[in-house]
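> Using my numbering, you'd call the opening residue of the sequence shown number 1422 and step up by one each time. Ideal placement from N, C-alpha and C gives every residue a C-beta, glycine not left out. Here's a structure for you.
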Amino acid sequence: MNSSYRQATRVLHGTQSHRGKSEPVAMPIYQSSTYLFPDTDAMEDCIVRGIRNQHEYVRFGNPTQDRLNERLALLEGAEEALVFSSGMAAITTAILSAVSPGDEILAPHTLYGQTLNFLRKGLPEEYGIRPRFVSLEDLSDLERHVTPETKLVYLESPTNPNLMVVDLARVADQAKGLGIRTMIDNTFATPINQQPIDLGIDIVVHSATKYLGGHSDLLAGVVAGSEDFLKRCHERMHMYGPTLDPFAAFLLLRSLMTLEVRVMRQNANAMALAEFLKAHSGVSRVHYPGLADDPFHETAKKQMRGFGGMVTMVIDGDFEDAKRMVNHLDLCLNATSLGGVETLVSIPVISSHAWQTPEELALARVTPEMIRFSVGLEAVEDIIADADQALHEAMH
Ligand SMILES: *Cc1c(COP(=O)(O)O)cnc(C)c1O
1422 MNSSYRQATR VLHGTQSHRG KSEPVAMPIY QSSTYLFPDT DAMEDCIVRG
1472 IRNQHEYVRF GNPTQDRLNE RLALLEGAEE ALVFSSGMAA ITTAILSAVS
1522 PGDEILAPHT LYGQTLNFLR KGLPEEYGIR PRFVSLEDLS DLERHVTPET
1572 KLVYLESPTN PNLMVVDLAR VADQAKGLGI RTMIDNTFAT PINQQPIDLG
1622 IDIVVHSATK YLGGHSDLLA GVVAGSEDFL KRCHERMHMY GPTLDPFAAF
1672 LLLRSLMTLE VRVMRQNANA MALAEFLKAH SGVSRVHYPG LADDPFHETA
1722 KKQMRGFGGM VTMVIDGDFE DAKRMVNHLD LCLNATSLGG VETLVSIPVI
1772 SSHAWQTPEE LALARVTPEM IRFSVGLEAV EDIIADADQA LHEAMH
């Protein structure tokens, strides 16, 4: 395959030439838990000597997953990638592969709920690994906040639900100078809008349940990074067993084929919705890094090719008004999760941030008047009209 083909082409076709081959165009589902060996020598080579030139057992991988891993690595510009049975399986495996008992992890307060839970409780109580939380601003001055035990900086950007943006090249550069690994959850941006490895970040994780899957019908996760690091993740996957099921692997691979076109449309729809909401008298603030006067616009412009499909508005009223607006939506669906083809709307304080204390909400800068949109692929005029009528109903 011509190596000068663009990323979008390589994600569809892989890196091997199709010329002269007779094979199915669509990757089949290998719905088999085990694989036949031609003879006992081959079995001995594979199982005893670890020369893995064929598949043996589904927990260690199968051809559908291999294809998926290859395409995900191409998307993220990583040496290797590995799929998992959920985003949390990928995140916990990646973190446990990056740190050891006694180590510290530096992270901002604005993380996905279960990731926060893992850092705050799971890691210290079960593994003797401590988190050190800082504000997003503190990340630009890493040296002042790390200790000799800090072995990992863990990030999300843009953040949920405020869509704050971290200067990734800056953090990566400082961490490298200090000999500290960096890991980012790239779920919100997608590799279409942001390629953290290109900016110097070491490891990328995803909840593929969101944009990568894109149709609100599967659960999966991804880790992407260096060959060495992925080897450590592989070992843990074999041991703990959070392997992706072959059917979900098939669905996810199919979804990746349309990732770029979906994300481009979601970027455009989100921008139009953000501009509409910003001009609306019933809205006191819109968080969207694509808006020219958003405080994170300049940083986002530097490191993102598109600004994403997530938009958060603050209603010019109280929590009851926010709930009224969501209850009057007709087209946009009131559901958690994000990244699907349909527009989903949720109020963070009763969904993604439901279990946080008032102090934690303040640190994460989340308020009850916030309404989060995961903008879908509908005609944007219809999304806007629905938001407009629901705002009108809420305010009268
Ligand atoms: C949903 C989500 C996760 C968790 O992923 P699952 O696939 O639900 O396990 C992690 N990070 C972010 C940013 C998410 O949105």
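Please go through the same chain and pick out, in chain order, the residues whose beta-carbon is closer than 6 Å to the beta-carbon of asparagine 1690, but skip the five residues on each side of it.
Val1796, Val1801.
> Return the first residue and the last residue of the alpha helix (DSSP H) that glycine 1534 is part of.
1534-1538
> Where are the alpha helix (DSSP H) runs, 4 residues long or more, that stay fully inside the stretch 1642-1699, in chain order?
1648-1661, 1667-1677, 1680-1699
> At which residues does the alpha helix (DSSP H) containing proline 1545 begin and terminate?
1544-1548
> Which of the three DSSP states is assigned to valine 1446 in this structure?
coil
> Looking at the structure shown, is alanine 1775 part of a helix, part of a strand, or coil, going by DSSP?
coil
> So who's on the other strand from proline 1529, going by DSSP bridges?
Val1555
> Just to confirm the assignment, what range does the beta strand (DSSP E) spanning methionine 1604 have?
1602-1606
> Here's the rule I'm using: 16 or more other beta-carbon atoms within 10 Å means buried, otherwise exposed. How should valine 1682 be labelled?
Counting C-beta atoms within 10 angstroms of its own C-beta, valine 1682 has fewer than 16 neighbours from the protein chains shown and is therefore classed as exposed.
> Our contact map puts proline 1612 next to leucine 1589 with C-beta atoms below 8 Å; I'd like the distance itself, whole angstroms only.
Between leucine 1589 and proline 1612 the Cβ distance is about 13 Å, and since that is not below 8 Å, they are no contact.
> Which of helix, strand or coil does DSSP assign to serine 1835?
Past the boundaries of the shown model lies residue 1835; the chain is included only from 1422 to 1817, so the question cannot be answered.
> Can you check which of these residues, Ala1808, Glu1790, His1774, is closest to leucine 1532 by C-alpha distance?
His1774
> Does the Cβ of methionine 1660 have 16 or more other Cβ atoms within 10 Å, making it buried, or fewer, making it exposed?
exposed
> Does glutamine 1486 pass the burial test, meaning 16 or more other C-beta atoms within 10 Å, or should it be called exposed?
buried
> What are the start and end residues of each continuous beta strand (DSSP E) run of 3 or more residues lying completely inside the stretch 1488-1529, in chain order?
1501-1505, 1525-1529
> Can you grab the Cα-Cα spacing for the pair glutamate 1491 / serine 1556, in whole Å?
Rounded to the nearest whole angstrom, the CA to CA distance from glutamate 1491 to serine 1556 is 36 Å.
> For ligand 1, any of its heavy atoms closer than 7 Å to the Cβ of methionine 1509?
yes
> How far does the beta strand (DSSP E) with valine 1625 in it extend, from its first residue to its last?
1624-1628
> Taking Cβ to Cβ, would you say threonine 1733 is nearer than 8 Å to arginine 1675?
no
> Sorted by chain position, which residues of the same chain lie with C-beta nearer than 6 Å to leucine 1496's C-beta, five sequence neighbours on each side aside?
Val1432, Pro1612
> Using the DSSP secondary-structure output, state which residues sit across from phenylalanine 1609 in a beta bridge.
Partner(s): none; phenylalanine 1609 has no beta bridge.
> CA-CA distance, aspartate 1739 and serine 1702?
About 14 Å.
> Specify the secondary structure class of arginine 1440 as computed by DSSP and reduced to three states.
Coil.
> Do the CB positions of alanine 1641 and valine 1504 come within less than 8 Å of each other?
yes
> With a cut-off of 8 Å on the beta carbons, I'd call alanine 1502 and valine 1644 a contact; round off their distance for me.
Contact flag correct, Cβ pair sits at about 7 Å.
> On a CA-only basis, which of Ser1454, Gly1482, Val1587, Glu1696 is nearest cysteine 1654? Give me that one, please.
Gly1482
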